[in-house]
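Working notes for the structure below.
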Amino acid sequence: NAGVTQTPKFQVLKTGQSMTLQCAQDMNHEYMSWYRQDPGMGLRLIHYSVGAGITDQGEVPNGYNVSRSTTEDFPLRLLSAAPSQTSVYFCASRERGGGNEQFFGPGTRLTVL
Amino acid sequence: SQQGEEDPQALSIQEGENATMNCSYKTSINNLQWYRQNSGRGLVHLILIRSNEREKHSGRLRVTLDTSKKSSSLLITASRAADTASYFCATEQGAQKLVFGQGTRLTINP
Chain W
2 NAGVTQTPKF QVLKTGQSMT LQCAQDMNHE YMSWYRQDPG MGLRLIHYSV GAGITDQGEV
62 PNGYNVSRST TEDFPLRLLS AAPSQTSVYF CASRERGGGN EQFFGPGTRL TVL
Chain V
274 SQQGEEDPQA LSIQEGENAT MNCSYKTSIN NLQWYRQNSG RGLVHLILIR SNEREKHSGR
334 LRVTLDTSKK SSSLLITASR AADTASYFCA TEQGAQKLVF GQGTRLTINP
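Line by line, the protein sequences are chains W and V.
The opening position of the first sequence corresponds to residue 2 in the numbering used here, with each subsequent residue numbered one higher.
The opening position of the second sequence corresponds to residue 274 in the numbering used here, with each subsequent residue numbered one higher.
Given below as C-alpha cells:
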C-alpha cells in the first residue's frame, strides 16, 4: 500500500513553460486535493475533486488546471509557469464524507525561474 | 483568506514541558483536525474533533474545541525532541473542503 505518491520530487521550470505534477493514490479514496505551501502562508487549497469527473476550485486556482478521469489519479497542470508559482505542492486524499483523516503525499518542490 | 489562524506562530520549550497551541477560525465547521509536519515532509493527521465534542485525547495529545468562541487548542504533554515540527489546524466546512491555518512551529530543546 503506497498511499499517496507524487512525482517529480523536485522540478525547475523557466517562466512560460508548462508541466504536469502527478498524483496517485491506491486507497480508493474519492476525495483528492492539491495544496501549495509557501513560507509563512501555511497550506492553501488549489483544486479539489470529490470523485472521478468532478473537480472544483479552492482558494488559489488561478494558473492551474486539474482533471480527474480515474479514482486513482489527480494531475495538476501549470499551463504557463510564473515565478509566483514557486512553491511546494502537496497532493492529498481521503474517503468521501465528513470527518475523515486526510493523507498527504511527500510533496513536489517547484522552482520557476 | 485562510480559515484557521494558529497562535503562537512559533514556540520553543524545554523537553518534558507541555506545549499548547491555539487555533481560531471564522465560520461554522463540521469538524476540526490537527496535523503535524516534520521539516521537508508531508502532513500527518494527529486528531479530529467533531463540532459536537468539547475535548478529545489521544496519547499525549489533548484537543479542546469551543464552538462559541470559534477556537481550538492542542496540548502536547511531556514533550520530547521528536515532537519538534510544525502543527496545523484544519477546519472542514461545507463541500468537504479542508482548509488549513498557517501553523505553529514548535521546537523542543533538549
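All C-beta atoms, glycine included, are put in the ideal place defined by N, C-alpha and C.
query: When W:S68, W:R78, W:G99, W:Q86 are compared against W:S19, the one with the closest alpha-carbon; result: W:R78
query: Contact between the region 301-314 of chain V and the region 347-367 of chain V (3+ Cβ pairs under 8 Å); result: yes
query: Classification of W:T56 by the beta-carbon crowding that lies within 10 angstroms, buried from 16 upward; result: buried
query: Three-way DSSP call (helix, strand, coil) for V:Q287 in this model; result: strand
query: Runs of beta strand (DSSP E) wholly within the region 303-372 of chain V (minimum 3 residues, chain order); result: 304-310, 316-323, 328-331, 334-339, 344-349, 358-365
query: Whole-angstrom distance between W:N2 and W:V67, CA atom to CA atom; result: 25 Å
query: Own chain residues within Cβ distance below 6 Å of W:D115, not counting five before or after; result: This structure gives no information on residue 115 of chain W, because the portion of chain W shown stretches from 2 to 114.
query: Cβ neighbours of W:Q103 in the same chain (closer than 6 Å, five flanking residues each side left out); result: A93, R95
query: Burial state of W:A1, where buried means 16 or more other Cβ atoms lie within 10 Å; result: Only positions 2 to 114 of chain W appear in this structure, which leaves residue 1 of chain W out of reach.
query: CB contact below 8 Å: W:E102 versus chain V; result: yes
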